[in-house]
Structures are given as structure tokens and as C-alpha cells.
Amino acid sequence: MVGELILLGIGMGMFTPPNNSAIMGAAPRNKLGLAGGILNMMRSLGLIFGVDISGLLFSSLEHRYLSEHGFQGVAHVFRNGRIPLDLKNHAFMSGFVVVIGVLVVMNLVAAILSMMKDKGKVDAEALAAAKEFEGV
22 MVGELILLGI GMGMFTPPNN SAIMGAAPRN KLGLAGGILN MMRSLGLIFG VDISGLLFSS
82 LEHRYLSEHG FQGVAHVFRN GRIPLDLKNH AFMSGFVVVI GVLVVMNLVA AILSMMKDKG
142 KVDAEALAAA KEFEGV
């Protein structure tokens, strides 16, 4: 698990700074505060909704798997001693694999869309501010 977390940290470190820079660089100089606020708000909302929707999908699939195997309406899967451990593991994996698959597909679509965007389109005011900054 440590290796996966290290890989996640490297990926986020490679993506976040250039993404933030591109967003802030595309904003007009007089709207940088607004752009920064919206960037942070969207990042927070993305994390919140990403976790919530992933959890909803996971728990729905886990409970469906348990229902199909004779355990309907289970409220606390892992504290429930009636459910065999092997069945709990299969129920967990049935939800986990789908959630990870959906997230991988969403990331691939986002990467493709990001590569397709017009890289040459820069706000003239933002370009002037960047040139002014370089001259300082």
C-alpha cells in the first residue's frame, strides 16, 4: 500500500502545479483572485463529490452482492458475524473493482480531453502580465 501511495503522490505532484499554473495563467490579471478562489473551490468540490459518489457506488454494489447471496438489508457488513468472511471479502471486491474501474476510465477521459485542448490560446492580458513579471 505504501508503494501505491507514493505513486499517487508522484502523480499528484506532476499534475497539480502545472494544472494550477495553466489555469492561473489563462486568467486575466484583474481576475486572478477570483480564478484562484474558483480553482480551490472546484478542487474541494471534486474531492468531496468524488469520495461521496465512489462510496455510494461501492456500498450499493457491496450490498447488492450480499443480497444476491442471501444477506438482504445488512447495515454493518464487517461487524456482522453472520456473514462468512469469504463472502465479505468477495462483496468488498465486487464493489471495489468497479469503483476503481470507473475512476480509471474517468481519469483517462480527462487526460485525453486535456491533451486535446488548444494550447496556443492564451489571454492577451495574461500574456502581457507574464512578460511584465519576467522583466522584473
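Residue 22 is where the sequence shown starts when you use my numbering, and the numbers rise one by one after that.
Ideal Cβ placement from N, Cα and C applies to all residues, glycine included.
Note that the structure is predicted; figures quoted are calculated from it, not measured.
{"Asked": "Cβ-Cβ distance between glutamate 83 and glycine 116 below 9 Å", "Found": "yes"}
{"Asked": "Per-residue DSSP class, three states only, for leucine 26", "Found": "helix"}
{"Asked": "Given 8 Å, three or more beta-carbon pairs between the segment 47-58 and the segment 98-118", "Found": "no"}
{"Asked": "Sub-9 Å separation of serine 81 and leucine 124 beta-carbons", "Found": "no"}
{"Asked": "Environment of phenylalanine 79 [buried if 16+ CB atoms lie within 10 Å]", "Found": "buried"}
{"Asked": "Contact under 9 Å by Cβ, leucine 60 with isoleucine 44", "Found": "yes"}
{"Asked": "Inter-residue CB distance, alanine 112 and leucine 77 (contact presumed, cutoff 8 Å)", "Found": "Alanine 112 to leucine 77, Cβ: 16 Å. No contact."}
{"Asked": "Alpha-carbon spacing of asparagine 51 relative to methionine 62, whole angstroms", "Found": "19 Å"}
{"Asked": "Rounded C-alpha distance that separates alanine 131 from methionine 114", "Found": "25 Å"}
{"Asked": "Close-in-space but distant-in-sequence residues of the same chain around valine 95 (CB under 6 Å, 5 per side omitted)", "Found": "Leu87, Asn101"}
{"Asked": "Reduced DSSP category for arginine 103 - H, G, I as helix; E, B as strand; rest coil", "Found": "coil"}
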